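K.L.:
Structure incoming, see below.
Residue numbers (my numbering), protein chains in the order written: chain A, 9 to 364; chain B, 9 to 364.
Next up, the structure:
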């Protein structure tokens, strides 16, 4: 087998190797059923254990209260961008901290009224707004924000406060730190950063929203949360294989001590790397220090030629996925839950030594 | 490893074992990249080869003309039920041959006007309508049908004709027989019967529809074909792992000689089984003979107790997935492309011998 890479991909991204090994072991013969899970009915007792196990592991991790439920959907965060205004009503207030928030508010505006109450665009999306920056209209239907901005490398350190129902796209920092779920009406996340492979969206939703639909009666049934909620996410065939991996990943986080423990590890990894960047004569972090992401570390070198040379050096050293997104340029190290500390240490050393 | 089951599941269903073995071999180390494909960017050169390879294999299989293109989406056929009227316009004509057609027309009616021009409901969905049964309104926006009815075990032998744009849900007989794609404006299929794992929808669409959106401007962007078509199905992160398996499955069909060859094999398998059912003193096929499905063989025994005893006997003999859907009862053998002839022969023998 080829030596395993140090994987800094932004998503789809590194998965815990122990999880991949379990998937590998069971791929042809899931729990001694003589079949792959991919060949088994989503209505089977075996898959029922998988999906209920995945919900249970996430419920334990986040201490999800009885007022909320976990759903698995398809279509990525992008489908949620449409479902949110269709289900919660037009007139949402959006905090725009980057590419994905921009898309979320644009989709909401396609459907009806939506308010962009703050935008970091003019500042190159380098910062997260403070409470003083935000004038949340009292009559908005909900407040939407993106907790972590994969492309720009910024992250909310605390949730924005208002009296509105709170909706959060947690795609790129899902299950990476403790969150008080009871403060949210809706949390959603594409799985492909911290939680599993691409093709599953995890939704944690207040039952008062998921169990009643009061929007436009012309809204397609498949776009209403109630349709899937009433059927335990099995209104139609879900991505069974992806949900299995989410279960394994969530159980892996539990085995490491849960969200508190993984958060501590994520803080340590990020600190190591930001320290090297800040001390480096040729590097500058992209995000303002107070809004730095623990998941995606974005930085520049003092010339594009040097960035290119460093990327080539990293590739030689078995480290991949470090090229910055085209909207920011430079470099980006995505250091999600499953990226081992050793990989971050490797990158830190390579960067420290790269002075020429 | 547990002995591999004879898998008659209706979907998710049997996958070719050679495909599963390739997936198993490459699971931890995709093409010597030192990563699982699930950990690789959907923007990588490696995944680009996967998705383009999947499109190419399907294009070769169906001889898809330049006027059409292949897209990969999420959300199952159920999301297509909504997208079709949103993109092609309200006022579609629906032929209702079972559970999935019923859902398709119901979703279309949620969104706007839709015409159910024929229904097999009163006849227990036992038959496929003939040309004489169908009065297609000339001013309908499109004609929609479901080529194979997984639950009732019926299948269109030829496509219905009209002057309208033709739309077909081929979820349960996709890549199982030759189809003249040029006759269709839109073909769609959930992958989880013949083509791959659950969590990917394959769409073959006329570019005149996929490249222009002329529906209601309030339609969410993510619900417009043009959004994904312009981005080669990569507007947002697709189900990368599922698309890889679809590529492998489509290449496996090609290696067996293509759709003509697999169709012949499917005919042989179905004939073997229907012959045993028809000759059996205690069995009756559910579907009318002229509309029998090559994919899902539905039948009853003369008592529920006997059906139960036969199912128990099959389980002992390593044959699974044979219980009929609750809407029909009795037994159902799903014998998709990847179900080996040997499995069907096994079932035929067990059924022949089960006379008590």
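Backbone N, C-alpha and C define an ideal beta-carbon position, used for all residues, glycine too. These numbers were taken from a predicted model, which means no experiment stands behind them.
Any idea what DSSP makes of residue 165 of chain A, helix, strand or coil?
P.N.:
On the first chain, residue 165 of chain A is found 157 positions in, with the first residue counted as 1. Residue state, collapsed to three classes: coil.
K.L.:
Among all the DSSP beta bridges, which residues are the ones paired with residue 176 of chain B?
P.N.:
To locate residue 176 of chain B, count along the second chain from 1; it is residue 168. Beta-bridge pairing links residue 176 of chain B to B:153 and B:195.
K.L.:
If you reduce the DSSP assignment to three classes, tell me which class residue 339 of chain A lands in.
P.N.:
Along the first chain, read from residue 1 onward, the residue named residue 339 of chain A stands at position 331. Three-state result, residue 339 of chain A: strand.
K.L.:
Tell me, which residues are paired with residue 76 of chain A by DSSP?
P.N.:
As a working mapping, residue 76 of chain A is identified with position 68 in the first chain. Residue 76 of chain A pairs with A:214.
K.L.:
From what residue to what residue does the beta strand (DSSP E) around residue 122 of chain B run?
P.N.:
Counting from one through the second chain, the residue named residue 122 of chain B turns up at place 114. Unbroken beta strand (DSSP E) run through residue 122 of chain B: 122-127.
K.L.:
Run the CB neighbour count on residue 143 of chain B, radius 10 Å, all protein chains shown included, and call it buried at 16 or more, exposed below.
P.N.:
By one-based count along the second chain, residue 143 of chain B stands at place 135. By the 10 Å Cβ count, residue 143 of chain B comes out exposed.
K.L.:
Find the residues of chain A that neighbour residue 230 of chain B, judging by a C-beta separation of less than 8 Å, and give them in chain order.
P.N.:
Here residue 230 of chain B refers to the residue found at position 222 when the second chain is read from its first residue. Those within 8 Å of residue 230 of chain B in chain A are 83, 86, 87, 89, 90 and 115.
K.L.:
Would you call residue 158 of chain A buried or exposed, if buried means 16 or more other Cβ atoms sit within 10 Å of its Cβ?
P.N.:
The residue you call residue 158 of chain A lines up with position 150 of the first chain. It counts as buried.
K.L.:
Return the residue from the list B:47, B:337, B:21 and B:67 that minimises the CA-CA distance to residue 365 of chain B.
P.N.:
With chain B covering only 9 through 364, there is no way to say anything about residue 365 of chain B.
K.L.:
Using 8 Å for Cβ pairs, my map puts residue 294 of chain B next to residue 308 of chain B. What's the rounded Cβ distance?
P.N.:
Looking up residue 294 of chain B in the second chain gives position 286. Looking up residue 308 of chain B in the second chain gives position 300. The Cβ separation is near 7 Å, so the contact holds.
K.L.:
On a CA-only basis, which of A:268, A:269, A:266 and A:303 is nearest residue 280 of chain A? Give me that one, please.
P.N.:
By one-based count along the first chain, residue 280 of chain A stands at place 272. Ranking A:268, A:269, A:266 and A:303 by Cα distance to residue 280 of chain A puts A:303 first.
K.L.:
When the distance is taken between beta carbons, is residue 184 of chain B closer than 8 Å to residue 344 of chain B?
P.N.:
As a first step, residue 344 of chain B must be located in the second chain, where it is residue number 336. As a first step, residue 184 of chain B must be located in the second chain, where it is residue number 176. Closer than 8 Å, so yes.
K.L.:
Taking 8 Å as the threshold (beta carbon to beta carbon), is residue 80 of chain A in contact with chain B?
P.N.:
Locating residue 80 of chain A in the first chain gives position 72, counting from the first residue. No, because no Cβ of chain B sits closer than 8 Å to the Cβ of residue 80 of chain A.
K.L.:
Got a sec? Which residues, its chain only, sit under 6 Å from residue 207 of chain B by beta carbon, not counting five neighbours each side?
P.N.:
Taking the first residue of the second chain as position 1, residue 207 of chain B is located at position 199. Correct list, in chain order: 247 and 250.
K.L.:
Does the segment 211-229 of chain B come within contact of the segment 74-83 of chain B, defined as at least 3 CB pairs closer than 8 Å?
P.N.:
Yes, since at least three Cβ pairs between the segment 211-229 of chain B and the segment 74-83 of chain B fall closer than 8 Å, the two stretches touch.
K.L.:
Could you tell me whether any Cβ in chain A is nearer than 8 Å to the Cβ of residue 200 of chain B?
P.N.:
Reading the second chain from its first residue, position 192 is the one you call residue 200 of chain B. Yes, residue 200 of chain B lies at the interface with chain A (some Cβ there is under 8 Å from its Cβ).
K.L.:
I'd like to know whether the C-beta atoms of residue 98 of chain A and residue 122 of chain A end up nearer to each other than 8 Å.
P.N.:
Here the question's residue 98 of chain A lines up with position 90 in the first chain. Here the question's residue 122 of chain A lines up with position 114 in the first chain. Result yes, Cβ atoms of residue 98 of chain A and residue 122 of chain A sit closer than 8 Å.
K.L.:
Helix or strand or just coil, what does DSSP make of residue 306 of chain A?
P.N.:
Taking the first chain and counting its residues from 1, the one referred to as residue 306 of chain A is at position 298. Strand at residue 306 of chain A.
K.L.:
Starting from the beta carbon of residue 32 of chain B, find every residue of chain A whose beta carbon is closer than 8 Å, and list them in chain order.
P.N.:
Mapped onto the second chain, residue 32 of chain B falls at position 24. Chain A residues near residue 32 of chain B: 32, 35 and 36.
K.L.:
Assuming contact is defined by CB atoms lying nearer than 8 Å, are residue 13 of chain B and residue 42 of chain A in contact in what I supplied?
P.N.:
Along the second chain, one-based indexing puts residue 13 of chain B at 5. Along the first chain, one-based indexing puts residue 42 of chain A at 34. Yes.
K.L.:
Does the beta carbon of residue 259 of chain B come closer than 8 Å to any beta carbon on chain A?
P.N.:
Reading the second chain from its first residue, position 251 is the one you call residue 259 of chain B. Residue 259 of chain B does not count as touching chain A.
K.L.:
Alpha helix (DSSP H) containing residue 230 of chain A: first to last residue?
P.N.:
The sequence position of residue 230 of chain A within the first chain is 222, counting from 1. Where residue 230 of chain A is concerned, there is no enclosing alpha helix (DSSP H), given that its DSSP letter is neither H nor E.
K.L.:
Give a yes or no on whether 8 Å exceeds the smallest Cβ distance from residue 277 of chain A to chain B.
P.N.:
Against the first chain, residue 277 of chain A aligns to sequence position 269. No - not a single Cβ of chain B is within 8 Å of the one on residue 277 of chain A.
K.L.:
Check whether the Cβ atoms of residue 297 of chain B and residue 359 of chain B sit closer than 8 Å, and answer yes or no.
P.N.:
For the purposes of this step, residue 297 of chain B is taken as the residue at position 289 of the second chain. For the purposes of this step, residue 359 of chain B is taken as the residue at position 351 of the second chain. The answer is no: Cβ separation not under 8 Å.
K.L.:
According to DSSP, is residue 92 of chain A helix, strand or coil?
P.N.:
If you number the first chain from 1, residue 92 of chain A lands on position 84. Residue state, collapsed to three classes: helix.
K.L.:
Just tell me which of A:53, A:346, A:352 and A:291 has its CA closest to the CA of residue 254 of chain A.
P.N.:
Against the first chain, residue 254 of chain A aligns to sequence position 246. When each option's Cα is compared against that of residue 254 of chain A, the closest is A:346.
K.L.:
How is the alpha helix (DSSP H) around residue 346 of chain B delimited, first residue to last?
P.N.:
Taking the second chain and counting its residues from 1, one reaches residue 346 of chain B at position 338. Here residue 346 of chain B belongs to no alpha helix (DSSP H), and DSSP marks it neither H nor E.
K.L.:
Answer yes or no: does any C-beta atom of chain B fall closer than 8 Å to that of residue 41 of chain A?
P.N.:
Here the question's residue 41 of chain A lines up with position 33 in the first chain. Output row for residue 41 of chain A: interface = yes.
K.L.:
Are residue 153 of chain A and residue 176 of chain A close, meaning C-beta to C-beta below 8 Å?
P.N.:
Here residue 153 of chain A refers to the residue found at position 145 of the first chain. Here residue 176 of chain A refers to the residue found at position 168 of the first chain. Going by C-beta atoms, residue 153 of chain A is nearer than 8 Å to residue 176 of chain A.
K.L.:
Terminal residues of the continuous beta strand (DSSP E) containing residue 103 of chain B?
P.N.:
Numbered from its first residue, the second chain carries residue 103 of chain B at position 95. Per DSSP, residue 103 of chain B belongs to the beta strand (DSSP E) from 100-104.
K.L.:
Check each residue of the segment 138-159 of chain A: if its Cβ is closer than 7 Å to any Cβ of chain B, include it; give the result in chain order.
P.N.:
Those residues of the segment 138-159 of chain A that come within reach of chain B (Cβ to Cβ, closer than 7 Å) do not exist; the list is empty.
K.L.:
Against residue 196 of chain A, what residues of chain B qualify as contacts under a CB-to-CB distance less than 9 Å, listed in chain order?
P.N.:
Working through the first chain from its first residue, we reach residue 196 of chain A at position 188. Ordered by position in chain B, no residue passes the 9 Å Cβ test against residue 196 of chain A, which lies about 13 Å from the chain.
K.L.:
Would you kindly report the start and end of the unbroken beta strand (DSSP E) that includes residue 293 of chain A?
P.N.:
Locating residue 293 of chain A in the first chain gives position 285, counting from the first residue. Where residue 293 of chain A is concerned, the enclosing beta strand (DSSP E) stretches over 291-293.
K.L.:
From which residue to which residue does the alpha helix (DSSP H) around residue 111 of chain A run?
P.N.:
The residue given as residue 111 of chain A occupies position 103 in the first chain. Residues 107-119.
K.L.:
Of the choices B:35, B:23 and B:29, whose alpha-carbon is the least far from that of residue 25 of chain A?
P.N.:
Within the first chain, residue 25 of chain A is the residue found at index 17, counting from 1. Ranking the options by Cα distance to residue 25 of chain A, first place goes to B:35.
K.L.:
Taking the CB atoms as reference points, tell me whether residue 337 of chain A and residue 16 of chain A lie closer together than 8 Å.
P.N.:
Taking the first chain and counting its residues from 1, one reaches residue 337 of chain A at position 329. Taking the first chain and counting its residues from 1, one reaches residue 16 of chain A at position 8. No, these two residues do not count as a Cβ contact at 8 Å.
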